[in-house]
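Residue numbers (the UniProt record's numbering): 1 to 309. We put the CB at the ideal spot given by N, CA and C, even for glycine. It should be emphasised that the depicted structure is a prediction, and the values quoted were computed from it without experimental measurement. The structure appears right after this line, and notes come after that.
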């Protein structure tokens, strides 16, 4: 396309990226979540068709604060929010709570979709920690709005992403995809031109199907209400009102952490009760199996004694 500045992210006409401050009335709000170094910023740049977020190969966090970018796609204004390291196990300090508070302010009245970014073939314990942190930061209900986004799609070779997900022996990944309602897609963040537009279209298909399922509702909780009120009152990111907002935010996040532990504890108790119920309902079979095991052990011991003589 003549006259359009080009980059690895495509032409400006293809993405029509806007750098102006986005309003909460954006027709679609997306947030990138996941562990540090998983490719959130590069994925955000691919969605925006513009190098808006700083991105480089690093196992450490590159993004230091919550950042936003907007793009118009098929007539829709899309807000993309990139996040710093607020989904790490050790990210428990006042600066982290400020980052979370700022993230809520950017997304208010709430995100339509949370994109959990993870590298293809490298879903680790750190990723599971990040998933848990998402539940702590936004509440367990956020999982209804989550889509798993695999980076390094180019590493699939001849295998499709659907085949990869179906055939993976990573039980944690299978559990996550199931918890997300089977919603996932893949990105090659080095893609340009038509390939880049095609993968964005695939993502938007998943997003729009989720929107239809949820009747267009964005995810919200009490904190997004407080964030919306703070913005409506033209609150700044300093001063007494902002400090009061951050206190509300910290209290709510801590409550969500306690609620999550309670739900997990309740789930474990239910599982133990099911096991006990099965044992009691099959007491005869259990006793028979125990006797067989004892007989087998006795035979082995006797055989060992006989051989020693």
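Helix, strand or coil for residue i? Go by DSSP, reduced to three states.
i           : result
residue 158 : coil
residue 214 : coil
residue 118 : strand
residue 297 : helix
residue 191 : coil
residue 24  : Residue placement at residue 24 is poorly supported in this model, since its pLDDT is 40, which falls under 50; the coordinates still yield a value, given next. Coil at residue 24, not helix or strand.
residue 169 : coil
residue 221 : coil
residue 46  : helix
residue 54  : coil
residue 265 : helix
residue 59  : Below a pLDDT of 50, predicted positions are generally treated as unreliable, and residue 59, at 48, falls in that range; the measurement from the model is reported next regardless. Looking at residue 59 - three-state DSSP - the assignment turns out to be coil, as it is neither helix nor strand.
residue 209 : helix
residue 41  : helix
residue 233 : coil
residue 199 : helix
residue 64  : coil
Based on DSSP bridge pairs, tell me the residues matched to residue i.
i           : result
residue 184 : 148
residue 31  : 81 and 114
Mind reading off the beta-carbon distance from residue i to residue j? Whole number of angstroms is fine, and I expect it under 8 Å.
i           : j           : result
residue 207 : residue 117 : Not really, about 14 Å apart at Cβ, beyond 8 Å.
residue 80  : residue 106 : About 10 Å; that fails the 8 Å criterion.
residue 256 : residue 136 : 6 Å
residue 185 : residue 147 : 7 Å
residue 119 : residue 39  : 6 Å
residue 27  : residue 77  : 5 Å
residue 230 : residue 241 : 7 Å
residue 126 : residue 35  : 5 Å
residue 152 : residue 111 : Not really, about 24 Å apart at Cβ, beyond 8 Å.
residue 87  : residue 133 : 4 Å
residue 176 : residue 149 : Contact flag wrong, Cβ pair sits at about 12 Å.
residue 140 : residue 260 : 6 Å
residue 188 : residue 211 : No, residue 188 and residue 211 are not in contact; Cβ-Cβ is about 25 Å, not under 8 Å.
residue 109 : residue 228 : 5 Å
residue 143 : residue 179 : 6 Å
residue 83  : residue 48  : Rounded, the Cβ-Cβ distance is 15 Å, inconsistent with contact.
Taking 7 Å as the cut-off, does the CB of residue i come closer than this to any heavy atom belonging to the ligand ZN?
i           : result
residue 174 : As far as ligands go, the structure on display features none, and thus does not contain the ligand ZN.
Query raised in the report: Is it a yes or a no for the region 97 to 105 touching the region 236 to 253, going by three-plus beta-carbon pairs under 8 Å?
Result: yes
Query raised in the report: Along the chain, which unbroken stretches of the alpha helix (DSSP H) at least 4 residues long are found entirely within the region 66 to 138?
Result: 94 to 107 and 125 to 138
Requested in this report: Check whether the region 159 to 173 touches the region 65 to 73, taking contact to mean three or more Cβ pairs, one atom from each stretch, closer than 8 Å.
Outcome: no
Requested in this report: Taking 8 Å as the threshold, find out whether the region 214 to 228 comes into contact with the region 192 to 203 through three or more Cβ pairs.
Outcome: no
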